[in-house]
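Chains A and B, in that order, give the protein sequences. Take 4 as the starting number for the first sequence in the working numbering and just add one per residue. Take 4 as the starting number for the second sequence in the working numbering and just add one per residue.
2 protein chains.
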Amino acid sequence: MNFSVTEENHIKAIFHLQQGEGTVSTNDLAAELHTKAASVTDMLKKLKAKKLLSYERYKGVRLSVEGKKLALAIVRKHRLWEYFLVDTLQFGWDEVHEVAEELEHISSKKLVEKLDAFLGYPKFDPHGDPIPDSHGKMAVQQQVNLIDLAINKTAEVSAVGSQSTELLELLKHKNIGIGTRLEIKKKFSFDHSIEIKIKNQNAFTISQQLAQVLFVKII
Amino acid sequence: MNFSVTEENHIKAIFHLQQGEGTVSTNDLAAELHTKAASVTDMLKKLKAKKLLSYERYKGVRLSVEGKKLALAIVRKHRLWEYFLVDTLQFGWDEVHEVAEELEHISSKKLVEKLDAFLGYPKFDPHGDPIPDSHGKMAVQQQVNLIDLAINKTAEVSAVGSQSTELLELLKHKNIGIGTRLEIKKKFSFDHSIEIKIKNQNAFTISQQLAQVLFVKII
DNA sequence: ATTTATTTTTAGACAAATCTAAATTTATTT
DNA sequence: AAATAAATTTAGATTTGTCTAAAAATAAAT
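Here it is, written out as structure tokens:
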């Protein structure tokens, strides 16, 4: 079975919003896809007919087994390409998302398998997100939200919760990236901001909003 | 400026049929693109409006300077990806065409330049065709049509004139590929078939049609 | 438990890319 | 040069993905 780029993007968006379990609303999907609710409804009917999801009107949507399989295949391609761009072609980790959005729709199965082998079957992409293997299985990473990290435990930034330009700009300014080692010096309960320290730098504070999208691996 | 896959495919087809100079007919384009003449006419009007080509109804079409630039950029991407697939990912040279047809439409300029650098700025793709550089310049290869090769001169197959499944099947059966060394033993003027000999194999004859799509480099 | 607000769907329209069939232009024959 | 054939274009229809505006269903609030 072959699917259009639009169809694949809907499946991917549902997968991300569904986040393991739960049902996804038309409005949330429209926001995620930068489109309108009416367009989403049309597409849901189409994807239901193709048995990629279960959908009853006004009741939200949820991927079928087939749909999840497709979503995982797309996520796999996206993350493998991101790994390739950063690891092989020396892109910065913050400039690969848009390119991978295009590359993830290249259909050749053989290409994906050969690419995976060439890269050495990586388990995590440059943002720290796990790469599904050819059966759709992903490694689980023992990562923790920065908000939840204990004080004075050294940890390494392993993932960021979004790839928005705004976030990447802020991270660049604060000099935080994947692999950055830091520890928490203080937590302020008033606004839930936290003071962090990166080796050889002065401590500084970051907002709750920022801490919530940073994931770290305890070392 | 950004163009759709369909628009790019039309530009590429015109470029190939134009072959340096001359004007291209609607019917030839329709055949090349596996579409209908009426559809081509519609697209030509659109591409003319975008100033990629000059076109007067009933008079054929020819690429503008802008159009040629776009065509060369697409050809560059196609051939770089083919090189990558064969050289880096270990694809067979006869199984990369379809995948490259998809990859050539990925838009990121930075990706192309980084890929080119990673591959070491190759000058020829796995089929022996020259890869345009970032300014659109291609190396000229001293290759000759097999039909024109002198008798008893050893030569190496450097390019094939088409990537059709039918041709590739025949080449596989005859055990001919890029890099194959051979010499011509006899030319038969009756049907213009030629008898060729590959080292350690018995001589055999190939048809004019086949010889005409094989290009060789004299060693 | 009504009213009000929100979400979602339907209805109808539109642009892109395609097609078939008919009309038009150009090329070829006799 | 008139008749015939071939190539090309136009006209009108179709499919896919999208939209706006109005209607319908569900959720929230008084």
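All residues carry an ideal CB built from backbone N, CA and C; glycine is no exception.
With a threshold of 8 Å between beta carbons, residue 168/B makes no contact with chain A. In the DSSP assignment, the residues bridged to residue 163/B are 217/B. Nearest CB-CB separation between residue 54/B and chain A: not below the 8 Å threshold.
The C-alpha of residue 159/A lies about 49 Å from the C-alpha of residue 71/B.
At a cut-off of 8 Å between beta-carbon atoms, residue 222/B makes no contact with chain A.
Residue 87/B is classed as buried because its beta carbon has at least 16 other beta carbons within 10 Å across all chains shown.
Looking at the backbone, the Cα of residue 186/A and that of residue 218/A are separated by about 12 Å. At a beta-carbon threshold of 7 Å, none of the residues of chain A lie near residue 9/B; the nearest stands roughly 13 Å away. One finds 109 in chain A with Cβ atoms closer than 7 Å to the Cβ of residue 106/B, taken in chain order. Using a C-beta cut-off of 8 Å, the stretch 112-128 of chain A makes contact with the stretch 83-100 of chain A, since at least three inter-stretch Cβ pairs fall below that distance. In this structure, DSSP gives residue 156/B a state outside helix and strand, which the three-state scheme calls coil. Rounded to whole angstroms, the gap between the alpha carbons of residue 137/B and residue 215/A is 43 Å. Contact check for residue 66/B and residue 134/B: beta-carbon distance about 19 Å, past the 8 Å limit, so the pair fails to qualify.
The beta carbon of residue 210/A lies closer than 7 Å to those of 196 in the same chain, with the five residues before and after it left out.
Not flagged as an interface residue toward chain B: residue 22/A, since no C-beta distance is shorter than 8 Å. Ranked by how close their Cα comes to the Cα of residue 81/B, the residues 61/B, 103/B and 46/B have 103/B in first place.
Below the 7 Å Cβ cutoff, chain B contributes 102 as neighbours of residue 114/A, in chain order. In its chain, beyond the 5 residues on either side, 178 have a beta carbon closer than 8 Å to the beta carbon of residue 204/B.
Annotation: Cβ neighbours of residue 121/B in chain A (cutoff 7 Å, chain order): 91 and 92. In terms of Cβ geometry, residue 55/A and residue 69/A form a close pair [threshold 8 Å].
CA-CA distance, residue 93/B to residue 117/A, rounds to 8 Å. With respect to the 8 Å criterion, residue 110/B and residue 5/B are classified as neighbours on the basis of their beta carbons. At the C-beta level, residue 50/A and residue 14/A come within 8 Å of one another.
Between residue 132/B and the set 57/B, 157/B, 162/B and 182/B, the nearest pair of CA atoms involves 162/B.
With a threshold of 8 Å between beta carbons, residue 117/B makes contact with chain A.
If you look at residue 79/A, you'll find it in the alpha helix (DSSP H) that goes 68-90. When C-alpha distances from residue 182/A are compared across 146/A, 41/A, 169/A and 172/A, the shortest belongs to 146/A.
Per DSSP, reduced to three states, the secondary structure at residue 115/A is helical.
Counting of Cβ neighbours within 10 angstroms places residue 29/A among the buried residues, the total reaching 16 or more. Secondary structure note for residue 14/A: its alpha helix (DSSP H) is the uninterrupted segment 8-21.
Less than 8 Å separates the beta-carbon of residue 220/A from that of residue 144/A.
A Cβ-Cβ separation of about 24 Å leaves residue 74/B out of contact with residue 121/B under the 8 Å criterion. In the DSSP assignment, residue 147/A falls outside any alpha helix (DSSP H) and within the unbroken beta strand (DSSP E) covering 146-148. In terms of Cα proximity to residue 189/A, the closest of 31/A, 206/A and 139/A is 206/A.
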